[in-house]
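These notes concern the structure reproduced below.
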Amino acid sequence: MGSEQIIFYFLSFWLIASSLAMIFSRNAAKAVLFLVLSFFSVASIWILLEAEFLAITLILVYVGAVMVLFLFVIKMLNIDKSTLRAKFAGYLPLGLIVALIIIAEMMLVLGNAQFGLDVMPAPARHGADYSNITELALQLYTTYVYPFELAAVLLLIAIIAAITLVHKKEINRKQQSISEQVNVRAKDRIRIVSITSPSKENK
Amino acid sequence: MNNMYTFDTSTLWAALPEIFLLSAIVVVLLLDLFLTKPFKQATYYLTQISLFITGVMAFNLIDQPQTIIFSGSFILDNMASVFKVFMIGSTMVAMVYTRHYLIQHALFRGEYFVLVLLSVLGMMVMVSGYSLLTLYLGLEILSLSLYTLIAIARERAGAVEAALKYFVLGAIASGLLLYGMSMIYGISGSINITDIANFAANADLASRETLILNFGLVFLVIGIAFKLGAVPFHMWVPDVYQGAPTSVTLFLSTVPKVAAVAMLVRILVDGLGAMHAYWADLFMVLAVLSIALGSVVALMQTNIKRLLAYSTISHVGFIMLGFVTGVISGYGAAVFYVFVYILMSLAAFGIVILLNKKGFEADQISDFKGLSKHSPWFALMMLVVMLSMAGVPPFIGFYAKFFILQQVISAGFVTLAVVAVVFAVISAYYYLQIIKSMYFEESDKDITIVAPMDMQLVLSINAVLILVVGIFPDFWIKLSLSLF
């Protein structure tokens, strides 16, 4: 067994273990953390498959952004755990059947009959100087530069649209007016009123 | 470096209008942030200037030899350039009308103009798209901007409902279109229109390949019919037209139709021209249903925006009839009809907007009562538009219908032409109904026109053009025919 296989089995073990832990964890925040671990293991396996770009994207986008957002959502929404667990056992038989059917279908379509080494030869190994990211970038910035830029415009529209539709006018917003704060003088805020104290009057 | 990866900057001139427009959009977007209240109008003028320069650039590219750049995903030909100039011109006219509406209803915001510019960019991409991917991206740029434009009046429940309806149905249509595209890609192995055309031309028409090609074709036709608003995929049209702010309805009902027709030409005529016999049958059903339903259901409407929506549906039916013929002169007739429809629709919605005042929408047919007493000139203009839409000579609407029917008959579909004429006659009833309200009924409201002079002037020119081009239609007919 080569070192590569040892690494693969090591990563796969953590992937399966963390996935199971995520499903069976009773605490939503812990579940998210286990999911992070499983994403990380998948990303590592992708690096073994020479798909560095996808691996890095998975870590940056899912682990770095989406999962952090999930954590925030969990902390902000006060989820009642008992309602989540209530019908777990009731759904178990149906869930198992669905899962088994999915596994059977995947075995049929993705199994050795279709993708075995005798049908599909293993892709050629690339040397240490080969960069997956460079290859993708070359495609994106030459052949597909036009659709790539258009997709960027589409994202710009999404930003403009979101702000246009949600942004509220100044009236409804609580904000500081810094220029007013700086220009303020003592006499605008404090009024000195001389009050003759009652004790003096009595004397 | 491998020879496959090359990017030739010397051919970028072909996309100059698009590149300029995108840069202008970014400038307008940023400048608008720094404009204080009294200078907000500057966004409007900047928008018009950007559109004008883009239009001039597109105009200069007319009569250039056909150029395909960006690895086959962008085409510059006469159709693209003429369509671009026409779209930009109509958008500029629409913006003149829009400004009055936005000021009257306190909707004047910089984002409105940025989104209109972005949707124009999307349409230009569609018109020049020569691969399924760019056509789809252009369509999404257009659609996303339109959804936001409708929802920009978010205090109105009707506008939000219209935006949501349009968004959901638009997403379904995009899904169907993409499904069709994936089928075509799956069987032909390419997303470039050139390769698809070669594949379709050499495909054995009785083979299994044609079956899959045909399967994809059906979904493409459904997706395009959704975007055009043809029956039975028209459900969104009346609700969206009625719910959207009138200025958005004006834009939505005019310029995007050019882009939708361009997409139709690129995919079905340029790409799958060899499959014409298959899609012409589908188009025939869509066209007849659209003309029939658009003409009959409009009879019951009391809201003028809804009425114009049904009228659009029947016009779309006529446009599709042109594509049924399968000959170049038929396609030319369809493009001519699109030009005419947009000229008429701009004027019709322009007059609706003209009557708008603070707190008064003028979207009921009864709001037109007695217009001839208060403003004989604009009542006359509305008369011209309505008669032209009904297809009465010598107005341009007559020539558009005549030209289409002539092509349909010479292609041998006499029954189809008879059905179209019968429903066109029925539709004359509701156009005449509006004229009756304007001239023979007394107004119960105070109709004073508060629109600025520039709008009144542009609207008058717009309406007079319907008559002038109607008397001298040669130039436009020749132009439409030269595009194929």
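Chains as they are written, first to last, in my numbering: chain A, 1 to 203; chain B, 204 to 687. Glycine included, every Cβ here is placed at the ideal spot set by N, Cα and C.
Pick out whichever of Ala365(B), Ile291(B) and Lys604(B) has its Cα sitting closest to the Cα of valine 543(B).
Lys604(B)
What residues in the stretch 287-321 of chain B have a beta carbon less than 8 Å from any beta carbon of chain A?
Arg312, Glu314, Val317, Leu318 and Leu321
Suppose contacts are defined by Cβ-Cβ distances below 9 Å. Is leucine 416(B) in contact with serine 391(B) by that definition?
yes
Could you list which residues in chain A have their beta carbon closer than 9 Å to that of isoleucine 344(B), in chain order?
Leu150, Val153, Leu154 and Ile157
Output the distance between the C-alpha atoms of histidine 577(B) and isoleucine 650(B), rounded to the nearest integer angstrom.
7 Å
Do glycine 520(B) and leucine 549(B) have their C-beta atoms closer together than 9 Å?
no
Would a check of beta-carbon distances place valine 145(A) closer than 9 Å to chain B?
Yes, its Cβ sits closer than 9 Å to a Cβ of chain B.
Within its chain, find whatever has a CB closer than 6 Å to the CB of tyrosine 382(B); leave out the 5 residues flanking it on each side and keep chain order.
Phe422
Closest Cβ-Cβ distance between serine 274(B) and chain A: below 9 Å?
For serine 274(B), the closest Cβ of chain A is nearer than 9 Å.
Give the single residue among Tyr632(B), Phe606(B), Val624(B) and Leu453(B) whose Cα lies nearest to the Cα of glutamine 504(B).
Tyr632(B)
So, using beta-carbon positions, are valine 328(B) and glutamate 412(B) closer together than 9 Å?
no
Going by the beta-carbon positions, is the gap between leucine 492(B) and isoleucine 607(B) smaller than 9 Å?
no
With 9 Å as the threshold, decide whether the Cβ of isoleucine 355(B) is near any Cβ in chain A.
yes
Secondary structure at isoleucine 355(B), three-state DSSP: helix, strand or coil?
coil
Hey, which unbroken runs of the alpha helix (DSSP H) at 4 residues or more fall wholly within the stretch 288-336 of chain B?
Within the stretch 288-336 of chain B, the runs of alpha helix (DSSP H) at least 4 residues long that lie entirely inside it are, in chain order, 313-331.
Chain-ordered residues of the stretch 118-140 of chain A with a beta carbon less than 8 Å from chain B:
Against chain B - using a Cβ distance shorter than 8 Å - the residues of the stretch 118-140 of chain A are Leu138 and Gln139.
Are the beta-carbon atoms of leucine 510(B) and isoleucine 554(B) separated by less than 9 Å?
no
Just verifying my parser: in three-state terms, what is the DSSP assignment at glutamine 251(B)?
helix
Could you check whether the Cβ of isoleucine 163(A) sits closer than 9 Å to any Cβ belonging to chain B?
yes
For leucine 279(B), report the span of its alpha helix (DSSP H) as first-last.
For leucine 279(B), there is no enclosing alpha helix (DSSP H); the enclosing beta strand (DSSP E) covers residues 277-279.
If you measure beta-carbon to beta-carbon, which residues of the stretch 177-199 of chain A are closer than 9 Å to chain B?
none
If you count every other CB in all the chains shown that lies within 10 Å of the CB of leucine 349(B), and 16 or more means buried, which is it?
buried
Can you tell me whether DSSP reads asparagine 206(B) as helix, strand or coil?
Legend: pLDDT at asparagine 206(B) = 48, less than 50; position of this residue unreliable, no value from coordinates given.
Output the boundary residues of the beta strand (DSSP E) element that contains isoleucine 271(B).
270-272
Secondary structure, alpha helix (DSSP H): runs of 4+ residues fully inside the stretch 574-606 of chain B
574-577 and 579-593
With the cut-off set at 9 Å, would you say leucine 249(B) and valine 230(B) are in Cβ contact?
yes
Would a C-beta distance cut-off of 9 Å place phenylalanine 616(B) and valine 538(B) closer than the cut-off?
no
Residue-level contact to chain B via CB, leucine 15(A), 9 Å cutoff
no
Presumed contact (8 Å Cβ cut-off) between valine 703(B) and isoleucine 599(B), rounded CB distance:
Residue 703(B) is absent from the model: chain B starts at 204 and stops at 687.
Cβ of alanine 218(B) less than 9 Å from any chain A Cβ?
For alanine 218(B), the answer is yes, since a Cβ of chain A falls inside 9 Å of its Cβ.
Which of helix, strand or coil does DSSP assign to phenylalanine 687(B)?
coil
May I have a chain-ordered list of the alpha helix (DSSP H) segments no shorter than 4 residues that lie completely inside the stretch 42-128 of chain A?
The stretch 42-128 of chain A contains these whole alpha helix (DSSP H) runs: 52-57, 67-76, 81-85, 88-110 and 112-115.
Does any residue of chain A have a CB that is nearer than 9 Å to the CB of tyrosine 540(B)?
no
Give the interface partners of serine 348(B) over in chain A, defined as CB-CB distance under 7 Å, in chain order.
Ile157
Tell me where the alpha helix (DSSP H) around isoleucine 674(B) begins and ends.
Following the DSSP letters along the chain, one finds isoleucine 674(B) inside the alpha helix (DSSP H) bounded by residues 656-674.
Under the assumption that leucine 290(B) contacts methionine 326(B) (Cβ atoms under 8 Å), give the Cβ distance between them as a whole number of angstroms.
Per the sequence shown, residue 290(B) should be read as methionine rather than leucine. Indeed, because the Cβ distance is near 6 Å, the residues count as touching under 8 Å.
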